[in-house]
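Read in order, the letters of the sequence shown correspond to residues 2 to 214 in the working numbering. The structure appears below as structure tokens.
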Amino acid sequence: MSAAMLRFASYHSTTISTSDHQKKNQSMSTKDYRYCVELVKNRDRESYLCGLLMPYNARRSFFGIRAWNAELASIKGGSVLNRNKGEQANAALQVRIQWWREGLNKIYDSQQQSENNHESHSTTNNNYKIDDEMFSISETLDASYFKNPAVRVLDYAVREKQLTQRFLERLSEARETDLHDEQPETITDMVEYADNIVSSLLYLTLETVNVRD
């Protein structure tokens, strides 16, 4: 076989492989996005309706943030159902919320790792840049986090919109504190609760449309 034919065969094989990889990425990202939309629709109807009005280029990130918040908020429901089942049930709830908090840390850790790698490896296919980048970055997460579609979409949102880590941390910290409290006891407690949860969500929403400070 001539050198020219070998080059053609190699190019053709690479093209097929790249196309299959792109289709896999598109399928994964679409399913993940739909999962988050349905999750928010079922658990946070108001946010779902607001999300439908978001600009198209911000919608995926918006639903990623709101799905992550819905997952955290649902742990509180488990706390109410299990309040009389002893310390073992409370410990299980603590483990659940810790899983999400660690997932957030790993998202930002992998972002830093990908930025370091990007300095030496440039992206060559601009047509599928978003999906390819999301897929390759997510593969650096631990398997247990990578399997969760809400984590994958939040992973995308953090990179696409450069979301402020502290807003997400405040949100998770408030949800963790909320596990142990029935309701705010004072006006000051109520204001702090609203600031940590509602304000954080609003700031993150602004960042999805590139509004900061």
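We put the beta carbon where it would ideally sit given N, CA and C, even for glycine. Since the model is a prediction, treat every value here as computed from it, not as a measurement.
Under 7 Å between C-beta atoms of residue i and residue j
i                : j             : result
phenylalanine 64 : valine 38     : yes
alanine 68       : alanine 151   : yes
arginine 160     : glutamine 112 : yes
leucine 205      : isoleucine 66 : yes
valine 210       : alanine 59    : yes
Contact set for residue i: own chain, Cβ-Cβ below 7 Å, skip 5 residues either direction
i              : result
isoleucine 198 : Leu172 and Ala175
leucine 48     : Sequence check: residue 48 is serine here, not leucine. Excluding positions up to five away in sequence, the list reads Val41 and Arg67.
arginine 97    : Ile76
aspartate 45   : Arg67 and Ala71
methionine 191 : Pro185
Sequence-distant residues of the same chain with beta carbon closer than 6 Å to residue i, five excluded per side
i              : result
aspartate 179  : Lys77
glutamate 134  : Reliability of the predicted coordinates at glutamate 134 is poor, the pLDDT of 44 falling under 50, and no value is obtained from them.
valine 212     : none
glutamine 166  : Tyr109
glutamate 177  : Ile98
methionine 55  : Phe63
aspartate 196  : none
isoleucine 131 : For isoleucine 131, the pLDDT reaches just 40, beneath the cut-off of 50, and the residue's location in the model is therefore unreliable, although a value from the coordinates is still provided. Around isoleucine 131: no qualifying Cβ.
threonine 125  : Model confidence at threonine 125 stands at a pLDDT of 42, short of 50, so the residue's coordinates are unreliable; what they give is reported in the following sentence. Closer than 6 Å at Cβ, skipping near neighbours: no residue.
Other residues of its chain near residue i: CB distance less than 8 Å, five sequence neighbours each side excluded
i            : result
glutamate 72 : Leu40, Trp101 and Ala151
glycine 52   : Val38, Val41, Arg60, Phe63, Phe64 and Arg67
serine 201   : Phe168, Leu169, Arg171, Leu172 and Ala175
lysine 162   : Ala59, Ser62, Glu208, Thr209 and Asn211
lysine 32    : Pro150
Whole-angstrom C-beta distance between residue j and residue i, which should lie under 8 Å
i           : j             : result
leucine 164 : glutamate 208 : 5 Å
tyrosine 36 : arginine 61   : About 12 Å; that fails the 8 Å criterion.
Restricting to runs no shorter than 3 residues, where is the beta strand (DSSP E) found entirely within the region 29-76? none
Enumerated in chain order, which unbroken segments of the alpha helix (DSSP H) with a length of 4 residues or greater are wholly contained in the region 143-167? 144-147 and 150-162
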